[in-house]
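Here the protein sequences line up with chains Y and E, keeping their order. Residue numbering for the first sequence follows numbering that gives the first Met the number 0, beginning at 0 and increasing consecutively. Residue numbering for the second sequence follows numbering that gives the first Met the number 0, beginning at 0 and increasing consecutively. To start, the structure under review is shown below, and the notes come after it.
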Amino acid sequence: MLIKFIFLYFPIIFCRFSYFFRSYIKEFCTFGSQKVENLQLIKSLINKLIINIVNKINPQENYESSQKAIGYVSRKEARQSDYDRIGFTSGLEVHQQLKTDHKLFCRCSAGVFQKPEQYDAELFRHMRPTLSEMGEYDGTALMEFKTKKNIIYRIDNKTACTYDVDDTPPFPINPQALQYALEVALASKLNIVGEVHITRKQYLDGSIPAGFQRTAILGIEGEIPLKNKKVRLIQLSIEEDACREVSDIGHTRVYRTDRLGMPLIETVTYPEMVNPDELKEACDYIRFLNRSTGRVRTGIGAGREDVNVSCTGGTRIEIKGVAHTKWIPELSHVECFRQWALLAIKDQLNKRTDKNTWACKAIELNPKDFNFYYTPIVEAIKRGEKLYAVNLPHFAGMLSHFTQPGRPFYDEFAGRLKVIACLEKPNMATNEDLDDVVSSHIFDKIQQLLNAGENDAQILFWAPEADVPTALEVIEERAKMAFDGVPKETRKSMPDGTTIFERVLPGADRMYPDTDSAPIPLENDYIEQLRKNIPEAVADRYKQMVEWHIPTDTYNYIFTHNYYPLIKKIATELDMCPKYIGVFFGQKLKYLHGQYKNIPFDVNRIYDLFAYLKAQNIDKSIAYNMLKVMFEHPEKDFEGILKTLDFKRINKEEVVKQIPSLQQAFSPARKDTTNTDKINSIMGRLRNISLGNICLNELSQEISKH
Amino acid sequence: MSEENFQGYKKEALETLKKYNAHVWDNAEIDTTRGHFSGKILPRAENTDSKHIVVKVITGYNIGIDVDTITDIKSHAVPQPKFQIPEKEFPYTKGFPHVKLLGTGGTIASRLDYRTGAVIPAFSPGELYGAVPELADICNLDTEKIFAVFSENMSPKEYIALANKIGEEAKNGIDGIVIGHGTDTLAHTATALTYMCQNLPMPVILVGSQRSSDRPSSDAALNLMHAMTAAGHGDIAEVLVCMFGPTSDEYGFLHRGTRVRKMHSSYRSTFRTIGDTPVATVNRKDGVCPIKEEYNHRRKHGERKVELITNLEDYKASIARNDHNTMRLVPTFDDRVAILYYYPGMKPDVVESLIERGYKGIVWNGTGLGHVNKGMFDVIQKATEAGIHQYMSVQTIWGYTHMFVYDTGRDLMARGIIPASNMLAESAYIKLGWALGLTHDREEVKKLMLTPINSEITPREPYNGYLVYQGGTPEVEEFIKKVHK
Chain Y
0 MLIKFIFLYF PIIFCRFSYF FRSYIKEFCT FGSQKVENLQ LIKSLINKLI
50 INIVNKINPQ ENYESSQKAI GYVSRKEARQ SDYDRIGFTS GLEVHQQLKT
100 DHKLFCRCSA GVFQKPEQYD AELFRHMRPT LSEMGEYDGT ALMEFKTKKN
150 IIYRIDNKTA CTYDVDDTPP FPINPQALQY ALEVALASKL NIVGEVHITR
200 KQYLDGSIPA GFQRTAILGI EGEIPLKNKK VRLIQLSIEE DACREVSDIG
250 HTRVYRTDRL GMPLIETVTY PEMVNPDELK EACDYIRFLN RSTGRVRTGI
300 GAGREDVNVS CTGGTRIEIK GVAHTKWIPE LSHVECFRQW ALLAIKDQLN
350 KRTDKNTWAC KAIELNPKDF NFYYTPIVEA IKRGEKLYAV NLPHFAGMLS
400 HFTQPGRPFY DEFAGRLKVI ACLEKPNMAT NEDLDDVVSS HIFDKIQQLL
450 NAGENDAQIL FWAPEADVPT ALEVIEERAK MAFDGVPKET RKSMPDGTTI
500 FERVLPGADR MYPDTDSAPI PLENDYIEQL RKNIPEAVAD RYKQMVEWHI
550 PTDTYNYIFT HNYYPLIKKI ATELDMCPKY IGVFFGQKLK YLHGQYKNIP
600 FDVNRIYDLF AYLKAQNIDK SIAYNMLKVM FEHPEKDFEG ILKTLDFKRI
650 NKEEVVKQIP SLQQAFSPAR KDTTNTDKIN SIMGRLRNIS LGNICLNELS
700 QEISKH
Chain E
0 MSEENFQGYK KEALETLKKY NAHVWDNAEI DTTRGHFSGK ILPRAENTDS
50 KHIVVKVITG YNIGIDVDTI TDIKSHAVPQ PKFQIPEKEF PYTKGFPHVK
100 LLGTGGTIAS RLDYRTGAVI PAFSPGELYG AVPELADICN LDTEKIFAVF
150 SENMSPKEYI ALANKIGEEA KNGIDGIVIG HGTDTLAHTA TALTYMCQNL
200 PMPVILVGSQ RSSDRPSSDA ALNLMHAMTA AGHGDIAEVL VCMFGPTSDE
250 YGFLHRGTRV RKMHSSYRST FRTIGDTPVA TVNRKDGVCP IKEEYNHRRK
300 HGERKVELIT NLEDYKASIA RNDHNTMRLV PTFDDRVAIL YYYPGMKPDV
350 VESLIERGYK GIVWNGTGLG HVNKGMFDVI QKATEAGIHQ YMSVQTIWGY
400 THMFVYDTGR DLMARGIIPA SNMLAESAYI KLGWALGLTH DREEVKKLML
450 TPINSEITPR EPYNGYLVYQ GGTPEVEEFI KKVHK
């Protein structure tokens, strides 16, 4: 028992003690600044002593203390002062598909989708980096080439043609798409270009079979009003959508080609948002603006956002393809602090050593010399993969340094190994893993083999032999980047608000004029004609709804579905109370939409409903019950619906006549019954016969009168 | 101000630039009635209108600004960017075959030309190595630009220059030749070189690309690697066209120059051998894998002899000698030859004008088994009498002429038309021009025409020589789904 205690708990206790001891020395050092030099010596001696005895960092504690050291606060706790402290800056690229019949540069149907396993043919391609018109290779391009990905496209005959797979040059741009996009550009108050030039924007991940996306600017320099400020827009472009990924395993990535080539607009803001909530507000505004034109597609995948974030001293990091706006605040918050953490790592590393002389050392391990129990390693060995250990001098305490909640710094290496070297996760372990997947005894041995110093950290990775050189390069490259702070890259959003490495951030070098298509002039008359279709600004609609006293909690739903024009139409043409109609849409319709999620419903029938009630002189109090039946029995006409509801016309006076007898019959259930209880009770009794015959407010007043 | 500063701008646009003292490559702030724009003024492509100024905005996009809307331009000059393809020295590897790449103007590697908005080819070994470094793992490379013409501008003059160059390189002991060529008339050049360069000691591979190399999905690099492999390591010493097998990046086909045809205006896998299978496939892993058993083998040892032949007597003597080690270089061509594609309602005056203008040969492209309508009979007779050599090929692309089946065929033959068996019309046209370069004797020309040099006429059509399946049927759809297209 005692032996067990000593062996099991002593290291832990000692480890804790050593942390305590070190922090004590740290305090002592800072306390007596004159004696710092002597103390430094003592400190380093003791440090060495501790490391020699224990030679371990407690990763969990290191992760937590580094999180604290950089001043990380959760989004709930964060105040503007926190964002000001780290210099939160953010901009947006909001993508929205256009509601066109066909794709942008071919005549395939738009908006018809295929299931991952549903395809008629497959084809196989590689992407090669090309020279830009400035004669340079793009950084991303070279990285993508390094990955040597085999790209497979799954083609469904109904949704893709030879244009989509880059075997036919583009057809003239879809005029319907151009018109819709111009309408949104005009609504965004952008300066419309005189001539549209189709540009090729390179993507070497294979998401577009041509290796580039055809895109063109329609307008530049606009602005949108937020509650407290105006945010400027850089530009709006029209572009073709990319393939949807089916899988990405090892060296093979599979795409389906249904979404490919669908017309899309992209609205880009200046980086002027200074906190996550403002960012979401801007995003919602642009979304609502797009939707206000009635020209855009909605639903899953129809709108996607790229969020650009940087902190002071950081760099513009692009979080790609955020599918839900509600994720934006958390993602941008976490990203900004990730950059802040990387800057802290940068400072520490540069204090420890000089980047220019820094080099890592790698050795191949013989699996027979170790007793691995970690399943991914055991299986990799079975597959005949190679096992390598890399020593990162002066990186002790860095690998487990906090970067994002649940993701220490070593996650950055793992992400790049997956994307660039094509090593499926888990693809590595470190001596600072939060969850000890490889025991410390093994790392002790590895450290000896690598002749590692006390301030070093180690990464262990496994890979097919052919991928080892790239993997080693990736590790060295990422480690060196740590000395510079935040590497330029695009990142992929995770539902928990964190991000993972996606690609190196492409430069302007990847833009190429499209030699396959001629410029398209935009005549003034045409633009002025389109201007007439432009709806009022979302901000003005907002103001109008406030004036109408429509409760603000309904606005999100109304703007999301662009119901404002219909509300306005019903209110004005049928002379109805806008507040009532607003609530009818924003609360009643919303509730039923939730209840009958998958039932297609034509909202324009709501106009017909109120028009019918008005024409038939039936009170609108029955409208909600009728709406419910409209969802349940879409085939029924209004007369049929009324029959279903068992509606009988009764004179208003007939209803009112019943009040006195009901009043007399009212017997209070409780001692302290109020008049309201009485009214409610009588209302309840009369409700069914009243609906459609008398306004319920009026009925309530009648009851009070008696 | 040099003229260059307004590159491509005309009329109103040019005047506007001059008015505000703005030039191409300037950074400009432009006020217009549609708002403010800023960016770099770019040259304008030549065949576009004169109403817009092209500007590259900060995000890298180009836009056009209508000059009628411009109210002010403030600009300042910045140095003009230089465009070049990174050039690296092509590494020499001992023991690797020596391949010569001859350039004709096709786009193997390229960059953009602002003037036309088109792409400019890169060509030197250094440039190619910069663009396709894998080439250094295949062979040692030397390049020479013979001429720079677009594929559609290739003519007999260029065929002869190429043939002479091949003869020279063959004599010098080169291991293989690759010719970069635009794809539109690649097959014409390939068939011409087959007649002009006979009994080759080494492979001559013609290669092009269907997607220019300024695109990441270009087929250029892979085609070039396949061509270099076939030229440097392949055993098939013939004039071959090397282009994509499927549209997928998987393998290339080696087609005989006389039987190959471009069959799709834009597909990567556009080249197909007609009436037969390709000679071989080629890929980077397995190299050249012959499909056909019989072909002219590379001559690895012995002296490289090249015999220059420019008249029929020498040609006949050389054929009679049948010297295995001697390449016959026959760079002759009479370009007074035309192809006539017959269509219902064709009028005799088309042929009349050829007779009047002194044409010496007509390759007819007739319907079905090789027919034209009766209305043409007289003029055909007249052409024959005028000494014009007339041959019949088929519009159906696949199949043989069979002019004994119907009266029409017999009537046509009686008037001097000679059936060209299953020669492709393009192949027959080139061969007739080549043969007429040697002789105008009716019987001798006929002998030359009907004696195949390398499969331009094949004695039989194998069952898998005609494959045009129709999509939509279950068995074809099943097949398409199973293999990469």
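All C-beta atoms, glycine included, are put in the ideal place defined by N, C-alpha and C. All of these numbers come straight from a predicted model, not from anything done at the bench.
Distance between beta carbons of LEU221/E and GLY486/E, contact taken as under 8 angstroms
A query on residue 486/E cannot be resolved here, the shown segment of chain E reaching from 0 to 484 and no further.
To the nearest angstrom, report how far apart PHE369/Y and TYR62/Y are at their CA atoms.
By 1-based counting over the first sequence, the position of residue 369/Y is 370. By 1-based counting over the first sequence, the position of residue 62/Y is 63. Roughly 28 angstroms between the two C-alpha positions.
Where does ALA301/Y fall in DSSP's three states?
For the purposes of this step, residue 301/Y is identified with residue 302 of the first sequence, where counting begins at 1. Here ALA301/Y sits in coil by DSSP.
According to DSSP, simplified to helix, strand and coil, what is GLN79/Y?
Residue numbering aside, residue 79/Y sits at position 80 when the first sequence is read from its first letter. Three-state result, GLN79/Y: helix.
Any idea which residues DSSP pairs ILE316/Y with across the strands?
Working through the first sequence from its first residue, we reach residue 316/Y at position 317. Per DSSP, the beta bridge partners of ILE316/Y are VAL308/Y.
For the region 174-190 of chain Y, which residues have a beta carbon sitting closer than 7 angstroms to at least one beta carbon of chain E?
For the region 174-190 of chain Y, which is checked against every Cβ of chain E, the residues closer than 7 angstroms are ASN190.
Does chain Y have any CB closer than 7 angstroms to the CB of SER247/E?
Residue mapping note: residue 247/E aligns to position 248 of the second sequence, counting from 1. Yes, SER247/E counts as interfacial toward chain Y.
Report back the beta-carbon spacing between GLU28/E and SER37/E to the nearest angstrom; my notes put them in contact at under 8 angstroms.
As a working note, residue 28/E is residue 29 in the second sequence. As a working note, residue 37/E is residue 38 in the second sequence. Here GLU28/E really is in contact with SER37/E; their C-beta atoms are around 5 angstroms apart, less than 8 angstroms.
Where the beta strand (DSSP E) containing GLN389/E begins and where it ends
Position 390 of the second sequence, counted from the first residue, corresponds to residue 389/E. Counting along the chain, GLN389/E sits inside the beta strand (DSSP E) bounded by residues 388-393.
Hey, how far is the Cα of VAL467/E from the Cα of LEU161/E?
As a working note, residue 467/E is residue 468 in the second sequence. As a working note, residue 161/E is residue 162 in the second sequence. LEU161/E has its alpha-carbon roughly 34 angstroms from the corresponding atom of VAL467/E.
Does any residue of chain E bring its CB to less than 7 angstroms from the CB of ARG502/Y?
For the purposes of this step, residue 502/Y is taken as residue 503 along the first sequence, with counting starting at 1. Taking 7 angstroms as the threshold, the shortest C-beta distance from ARG502/Y to chain E does not fall below it.
Would HIS483/E count as contacting chain Y if we go by Cβ distances under 7 angstroms?
Along the second sequence, one-based indexing puts residue 483/E at 484. Interface residue (Cβ-Cβ distance to chain Y less than 7 angstroms): HIS483/E is classified as such.
Kindly indicate which three-state DSSP category GLU220/Y falls into: helix, strand or coil?
As a first step, residue 220/Y is located in the first sequence; it is residue number 221 there, counting from the start. GLU220/Y: strand per DSSP, three-state reduction.
In DSSP terms, what ILE85/Y is bridged to
As a working mapping, residue 85/Y is identified with position 86 in the first sequence. Looking at the DSSP output, ILE85/Y sits in no beta bridge, so it has no partner there.
Let me confirm a value: ASN687/Y is counted as buried when at least 16 other C-beta atoms fall within 10 Å, else exposed. Which label applies?
On the first sequence, residue 687/Y is found 688 positions in, with the first residue counted as 1. Classification of ASN687/Y: exposed, given that the 10 Å Cβ count is below 16.
Find the nearest neighbour of GLU116/Y within the set VAL72/Y, VAL253/Y, GLU220/Y, VAL485/Y, judged by alpha-carbon distance.
Stepping through the first sequence from its first residue, residue 116/Y is reached at position 117. For GLU116/Y, the nearest C-alpha among the options comes from VAL253/Y.
Select from the region 14-31 of chain E all residues with a C-beta closer than 9 angstroms to any C-beta belonging to chain Y, and list them in chain order.
Taking 9 angstroms as the Cβ-Cβ cut-off against chain Y, the residues of the region 14-31 of chain E that qualify are THR31.
Here's the rule I'm using: 16 or more other beta-carbon atoms within 10 Å means buried, otherwise exposed. How should ASN227/Y be labelled?
Numbered from 1 along the first sequence, position 228 holds the residue referred to as residue 227/Y. Burial state of ASN227/Y is exposed, judged by a 10 Å Cβ sphere holding fewer than 16 other Cβ atoms.
Boundaries (first-last residue) of the beta strand (DSSP E) holding VAL253/Y
Residue numbering aside, residue 253/Y sits at position 254 when the first sequence is read from its first letter. The continuous beta strand (DSSP E) containing VAL253/Y extends over residues 251-255.
Helix, strand or coil, according to DSSP, for SER699/Y in the structure here?
The sequence position of residue 699/Y within the first sequence is 700, counting from 1. Three-state result, SER699/Y: helix.
In chain E, what lies closer than 9 angstroms to SER309/Y by C-beta?
One-based indexing of the first sequence puts residue 309/Y at position 310. None at all; the shortest Cβ gap to chain E is about 17 angstroms.
Check each candidate in ARG604/Y, VAL273/Y, MET261/Y, ILE151/Y and name the one with the smallest Cα separation from SER331/Y.
In the first sequence, the residue the question calls residue 331/Y occupies position 332. That would be VAL273/Y, whose Cα lies nearest to the Cα of SER331/Y.
Compute the beta-carbon to beta-carbon distance between ALA169/E and VAL238/E, rounded to the nearest angstrom, for a pair I have assumed lies under 8 angstroms.
On the second sequence, position 170 is the one that residue 169/E refers to. On the second sequence, position 239 is the one that residue 238/E refers to. Going by Cβ atoms, the distance from ALA169/E to VAL238/E rounds to 12 angstroms, so no, they are not a contact pair.
Quick one: what's got a C-beta closer than 8 angstroms to ASP100/Y's C-beta in the same chain, skipping five residues either side?
The residue labelled residue 100/Y in the question sits at position 101 within the first sequence. Around ASP100/Y: SER108, ALA109, GLN175.
Please give me, in chain order, every unbroken run of the beta strand (DSSP E) with length at least 3 that falls completely inside the region 331-358 of chain Y.
Fully enclosed beta strand (DSSP E) runs of 3 or longer: not present.
Determine the DSSP secondary structure at LYS73/E, reduced to helix, strand or coil.
In the second sequence, counting from the first residue as 1, residue 73/E sits at position 74. Of the three classes helix, strand and coil, the one that applies to LYS73/E here is strand, per DSSP.
Report the CB separation of ILE396/E from VAL362/E in whole angstroms; it is logged as a contact under 8 angstroms.
For the purposes of this step, residue 396/E is taken as the residue at position 397 of the second sequence. For the purposes of this step, residue 362/E is taken as the residue at position 363 of the second sequence. The beta carbons of ILE396/E and VAL362/E sit about 14 angstroms from each other, so the pair does not count as a contact at 8 angstroms.
Do ALA413/Y and ASN426/Y come within 7 angstroms of each other at the CB atom, strictly closer than that value?
Here residue 426/Y is taken as the residue at index 427 of the first sequence, counted from 1. Here residue 413/Y is taken as the residue at index 414 of the first sequence, counted from 1. Cβ atoms of ASN426/Y and ALA413/Y: closer than 7 angstroms.
In three-state DSSP terms, what is SER352/E?
As a first step, residue 352/E must be located in the second sequence, where it is residue number 353. The answer is helix: DSSP assigns SER352/E an H, G or I state.
Contact list for LYS480/E against chain Y, beta-carbon separation under 8 angstroms:
Indexing the second sequence from 1 puts residue 480/E at position 481. Within 8 angstroms Cβ-Cβ: TYR118, ASP119, ALA120, GLU121.
Return no unless some Cβ of chain Y is closer than 7 angstroms to the Cβ of SER150/E.
Taking the first residue of the second sequence as position 1, residue 150/E is located at position 151. Judged by the 7 angstroms Cβ criterion, SER150/E is not in contact with chain Y.
I'd like to know if GLU76/Y contacts chain E, where contact means its C-beta is closer than 7 angstroms to some C-beta of that chain.
Residue 76/Y sits at position 77 when you count from the first residue of the first sequence. It does not; no Cβ of chain E falls within 7 angstroms.
Determine the direct distance from the alpha carbon of ILE173/E to that of ASN324/E, and round the result to whole angstroms.
Position 325 of the second sequence, counted from the first residue, corresponds to residue 324/E. Position 174 of the second sequence, counted from the first residue, corresponds to residue 173/E. Cα to Cα, ASN324/E sits roughly 15 angstroms from ILE173/E.
Within-7 angstroms CB hit, HIS94/Y to chain E:
As a working note, residue 94/Y is residue 95 in the first sequence. For HIS94/Y, no Cβ of chain E is located within less than 7 angstroms of the residue's own Cβ.
Tell me the rounded alpha-carbon separation between SER680/Y and MET625/Y.
What you label residue 680/Y is simply residue 681 of the first sequence in a count that begins at 1. What you label residue 625/Y is simply residue 626 of the first sequence in a count that begins at 1. The alpha-carbon of SER680/Y is positioned some 24 angstroms away from that of MET625/Y.
For ASP524/Y, return the contacting residues in chain E, with the cut-off set at a CB-CB distance below 8 angstroms.
Taking the first residue of the first sequence as position 1, residue 524/Y is located at position 525. Within chain E, no residue has its beta carbon less than 8 angstroms from that of ASP524/Y; the closest one is some 12 angstroms off.
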